[in-house]
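Colleague:
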Amino acid sequence: MNRAEYEEMEARRIERNLEYLDAGVVFIDLKAVYIDEGVRIGKGTVIYPCVVLEGDVEIGENCTIGQNTRIKDSIIGNDTSIQSSVILESKVGNETSVGPFAYLRPNSEVGSHCKVGDFVEIKNSRLDDGAKAAHLTYVGDSDVGKKVNLGCGVVFVNYDGSKKYRSVVEDGAFIGCNVNLVSPVHVGKDAYIAAGSTITNDVEDGALYVARSKGKSIEGWVEKRGILKK
1249 MNRAEYEEME ARRIERNLEY LDAGVVFIDL KAVYIDEGVR IGKGTVIYPC
1299 VVLEGDVEIG ENCTIGQNTR IKDSIIGNDT SIQSSVILES KVGNETSVGP
1349 FAYLRPNSEV GSHCKVGDFV EIKNSRLDDG AKAAHLTYVG DSDVGKKVNL
1399 GCGVVFVNYD GSKKYRSVVE DGAFIGCNVN LVSPVHVGKD AYIAAGSTIT
1449 NDVEDGALYV ARSKGKSIEG WVEKRGILKK
């Protein structure tokens, strides 16, 4: 590509962005956004700098697409906020918050009124309406019900080295911090998983599941071993 060809391509890109501006889309910096031809964006949506919208993308009305976000072949509902995140071949509902630094891999679906927070990765999974994964969580090959809370550090352990397995978490369940769900497992409705547990069996509706050893303190151990430098 020579300079003239590049300048022509840039002119077409800016012209497309101006068409979105005329249709009610708001740009913080119109020249610092890349939007493929055919992308649909609803009125009142705000696009921040360094956003890339690729392929078959549809974004609803009154959304916020924060800086450094990449969305490819995906659908975003109305009144949803995406902050510094990557969304590939997935769907996000209405009034949902994604990011910063979230990663939705292909075939993921996040419902309405959900929260997918910082450093959360979702792959080939569904989070139903009202579900929350606030930070540092991996959801792979799983179905998460309505109003489920996934604590910090929850991991769906979906791969055994040769095959991938699917887990289900029913509506209203609470999954505590640093829980490993070793697929395939089924967590019942309104069940409660204690923090630090590793789940290898199904959990009944409304049950408390605790899977961790009892801690103990050995007095004087550090001094006796002499492992701390003075």
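With the numbering used here, the residue at position 144 of the sequence shown is 1392, and numbering never jumps.
For each residue, glycine too, the CB sits at the ideal point set by N, CA and C.
It should be emphasised that the depicted structure is a prediction, and the values quoted were computed from it without experimental measurement.
(1) What residue range does the beta strand (DSSP E) around Lys1472 cover?
(2) Return the first residue and the last residue of the beta strand (DSSP E) that Tyr1386 is part of.
(3) Figure out for me which residue from Gly1292, Asn1265, Cys1298, Ser1390 has the closest Cα to the Cα of Gly1286.
(4) What distance in whole Å lies between the Cβ atoms of Glu1302 and Asp1277, which are believed to be in contact at a cut-off of 8 Å?
(5) Determine, using beta carbons only, whether Asp1376 and Lys1394 come nearer to each other than 8 Å.
(6) Taking C-beta to C-beta, are Lys1309 and Thr1293 nearer than 8 Å?
(7) Can you name the residues that DSSP bridges to Ala1381?
(8) To which residues does DSSP link Asp1391 through a beta bridge?
(9) Would you mind giving the Cβ-Cβ distance between Val1402 and Val1430, rounded to the nearest angstrom? I have them listed as a contact below 8 Å.
(10) What separation, rounded to the nearest whole angstrom, lies between the Cα atoms of Pro1354 and Ser1373?
(11) With a Cβ-Cβ cutoff of 8 Å, do Ala1459 and Asp1438 count as a contact?
(12) What residue range is occupied by the uninterrupted beta strand (DSSP E) comprising Asn1428?
(13) In terms of alpha-carbon separation, which member of Tyr1407, Ser1345, Leu1476 lies closest to Val1371?
(14) Give the straight-line distance between the Cα atoms of Asn1449 and His1383, rounded to the nearest whole angstrom.
(15) Can you tell me where the alpha helix (DSSP H) with Leu1336 in it begins and where it stops?
(16) Taking Cβ to Cβ, would you say Ser1333 is nearer than 8 Å to Gln1315?
(17) In the DSSP assignment, find the unbroken alpha helix (DSSP H) run with Arg1251 in it and report its ends.
Modeller: So, from the listed chains and residues:
(1) By 1-based counting over the sequence shown, the position of residue 1472 is 224. Unbroken run through Lys1472 is the alpha helix (DSSP H), 1469-1473; no beta strand (DSSP E).
(2) On the sequence shown, position 138 is the one that residue 1386 refers to. For Tyr1386, the uninterrupted beta strand (DSSP E) segment begins and ends at 1386-1388.
(3) Counting from 1 along the sequence shown, the entry for residue 1286 is found at position 38. Comparing Cα-Cα distances from Gly1286 to each of Gly1292, Asn1265, Cys1298, Ser1390, the minimum goes to Asn1265.
(4) Stepping through the sequence shown from its first residue, residue 1277 is reached at position 29. Stepping through the sequence shown from its first residue, residue 1302 is reached at position 54. Actually they are not in contact, since the Cβ atoms of Asp1277 and Glu1302 sit about 19 Å apart, beyond 8 Å.
(5) Indexing the sequence shown from 1 puts residue 1376 at position 128. Indexing the sequence shown from 1 puts residue 1394 at position 146. Going by C-beta atoms, Asp1376 is nearer than 8 Å to Lys1394.
(6) Taking the first residue of the sequence shown as 1, we reach residue 1309 at position 61. Taking the first residue of the sequence shown as 1, we reach residue 1293 at position 45. The question names Lys, but residue 1309 in the sequence shown is Glu. Contact: yes.
(7) Sequence index remark: in the sequence shown, residue 1381 carries index 133 (1-based). DSSP, once it has assigned bridges, lists Val1364, Leu1398 as partnering Ala1381.
(8) The residue you call residue 1391 lines up with position 143 of the sequence shown. DSSP output for Asp1391 lists Arg1374, Val1416 as bridge partner(s).
(9) The sequence position of residue 1402 within the sequence shown is 154, counting from 1. The sequence position of residue 1430 within the sequence shown is 182, counting from 1. Actually they do not touch by this definition, with Cβ atoms about 12 Å apart.
(10) Numbered from its first residue, the sequence shown carries residue 1354 at position 106. Numbered from its first residue, the sequence shown carries residue 1373 at position 125. Each residue's Cα considered, the two are about 9 Å apart.
(11) Your numbering for residue 1459 matches position 211 in the sequence shown. Your numbering for residue 1438 matches position 190 in the sequence shown. Cβ atoms of Ala1459 and Asp1438: not closer than 8 Å.
(12) Locating residue 1428 in the sequence shown gives position 180, where the first residue counts as 1. Unbroken beta strand (DSSP E) run through Asn1428: 1428-1430.
(13) Taking the sequence shown and counting its residues from 1, one reaches residue 1371 at position 123. As written in the sequence, residue 1371 is Lys, which differs from the Val given in the question. Out of Tyr1407, Ser1345, Leu1476, Tyr1407 has the C-alpha closest to the C-alpha of Lys1371.
(14) For the purposes of this step, residue 1449 is identified with residue 201 of the sequence shown, where counting begins at 1. For the purposes of this step, residue 1383 is identified with residue 135 of the sequence shown, where counting begins at 1. In this structure, the CA atom of Asn1449 is about 25 Å from the CA atom of His1383.
(15) Within the sequence shown, the letter at position 88 stands for residue 1336. Careful: Leu1336 lies outside any alpha helix (DSSP H), inside the beta strand (DSSP E) at 1334-1336.
(16) Taking the first residue of the sequence shown as position 1, residue 1333 is located at position 85. Taking the first residue of the sequence shown as position 1, residue 1315 is located at position 67. Taking 8 Å as the Cβ cut-off, Ser1333 and Gln1315 do not qualify as a contacting pair.
(17) Numbered from its first residue, the sequence shown carries residue 1251 at position 3. 1251-1270 is the span of the alpha helix (DSSP H), which, as asked, contains Arg1251.
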